[in-house]
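First comes the structure, then the notes that go with it.
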Amino acid sequence: MADRTSPAPSVEPVLRDIALWTASLVRQFPELAEELAPGRRGPAPAPSPAARDEQIREERREALLLQQRHGLAVPGHGAAPIRLHVSDAIRDITDGVVELEEAVCARLALPRPPRAGVVDRLRRVVGLLDAIAAEPDLARHVRDEIRRMARRCARTLGDSETVVRVSGRCPWCDSVSLRAFPDRRAVLCVNPACVCVDEACGCQDDPAYRHLWPEPEWAELAAAAGSRTDEIRAAMDTAAAPTTAPAAAPTDAPAAAPTDDSEETSC
38 MADRTSPAPS VEPVLRDIAL WTASLVRQFP ELAEELAPGR RGPAPAPSPA ARDEQIREER
98 REALLLQQRH GLAVPGHGAA PIRLHVSDAI RDITDGVVEL EEAVCARLAL PRPPRAGVVD
158 RLRRVVGLLD AIAAEPDLAR HVRDEIRRMA RRCARTLGDS ETVVRVSGRC PWCDSVSLRA
218 FPDRRAVLCV NPACVCVDEA CGCQDDPAYR HLWPEPEWAE LAAAAGSRTD EIRAAMDTAA
278 APTTAPAAAP TDAPAAAPTD DSEETSC
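Residue numbers for the sequence shown follow my numbering, beginning at 38 and rising by one.
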């Protein structure tokens with residue numbers, strides 16, 4: 038039997054990515070329920086009694102379906118219409134998480150997991166990372182699926198992740214494309230053509246993936262890139278500041294470019 042206690046070094050970046058994307062999805066998925074039926078910003082034309090009754094019935098049907106299938110309650114049944122694109126995202130992510138956990142358990146010869154909410158299922162998957170590490174292809178599949186769902190969740194919420202330029206050159210592609218992503222406390226190379234030499238890294242087989250350096254690797258990155266570790270840490274701290282603060286990107290002339298690149302990697 039394979040030793041599941043010490044993952045191969047080539048799988049460690051994949052496991053790290055799973056943990057990062059899962060944390061993002063766990064944090065943002067509950068917000069979808071709040072976006073499902075947002076309050077009105079101003080008065081709306083009063084519908085006819087028949088139209089209002091039909092709207093209320095439709096809202097109740099949708100709310101009951103979500104409650105039964107996903108354990109999500111729509112916050113208040115008012116006149117605000119349910120956002121169908123948010124509902125679709127909730128269904129897709131919920132079904133995806135259920136299928137992913139069941140596939141992981143089947144691959145690891147574990148009993149079928151009991152029913153639970155999305156957040157609890159994600160935490161259970163993370164709890165199996167030691168076992169998943171012994172199956173590199175399974176680990177990559179888990180990473181790709183959780184990353185896909187985290188991206189959809191973020192797109193649905195309309196989030197745009199803060200991006201701060203980091204000085205120095207990428208050790209892999211030698212371009213000035215290093216960016217700090219404070220929400221993940223990670224540095225990424227946003228050059229679409231950048232590919233590292235680690236066969237387990239997502240940049241090898243996914244054009245939308247960007248090589249990532251988590252906090253434990255900042256000192257090594259700074260030495261290789263010609264930057265400073267304290268600069269990277271300072272860039273990460275800008276997450277707590279308003280986006281209009283001068284320190285957010287003092288020398289970033291092409292401010293729009295990093296944001297466009299980050300769309301492929303934002304949580």
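For glycine and all other residues, C-beta sits at the position ideal for the given N, C-alpha and C. If you're wondering where the values come from, they're calculated on a predicted model, not measured in any experiment.
| Asked | Found |
| --- | --- |
| Are the beta-carbon atoms belonging to VAL51 and PRO173 less than 9 Å from one another? | yes |
| Determine the contact status of ILE183 and LEU137, defining contact as a CB-CB distance below 9 Å. | yes |
| Helix or strand or just coil, what does DSSP make of TRP209? | coil |
| Can you tell me the Cβ-Cβ gap for ALA217 and ILE269, rounded? I've got them flagged as a contact below 8 Å. | 6 Å |
| Could you check if LEU121 is buried or exposed, using at least 16 other CB atoms within 10 Å of its CB as the buried criterion? | exposed |
| Check the C-beta distance from ARG158 over to VAL123 and give it rounded, since I have them as a contact under 8 Å. | ARG158 to VAL123, Cβ: 20 Å. No contact. |
| If you compare alpha carbons, which of ASP274, ASP125, ARG192 is closest to SER61? | ARG192 |
| Candidates ASN228, CYS231, PRO253, ASP211: which alpha carbon is nearest ARG221's? | PRO253 |
| Below 6 Å CB to CB, which residues in the same chain sit around LEU249 once its five sequence neighbours on both sides are set aside? | ALA223, LEU225 |
| Can you tell me whether CYS226 is helix, strand or coil according to DSSP? | strand |
| Rounded to whole angstroms, what's the CA-CA distance from LEU258 to LEU69? Just pull it up for me. | 36 Å |
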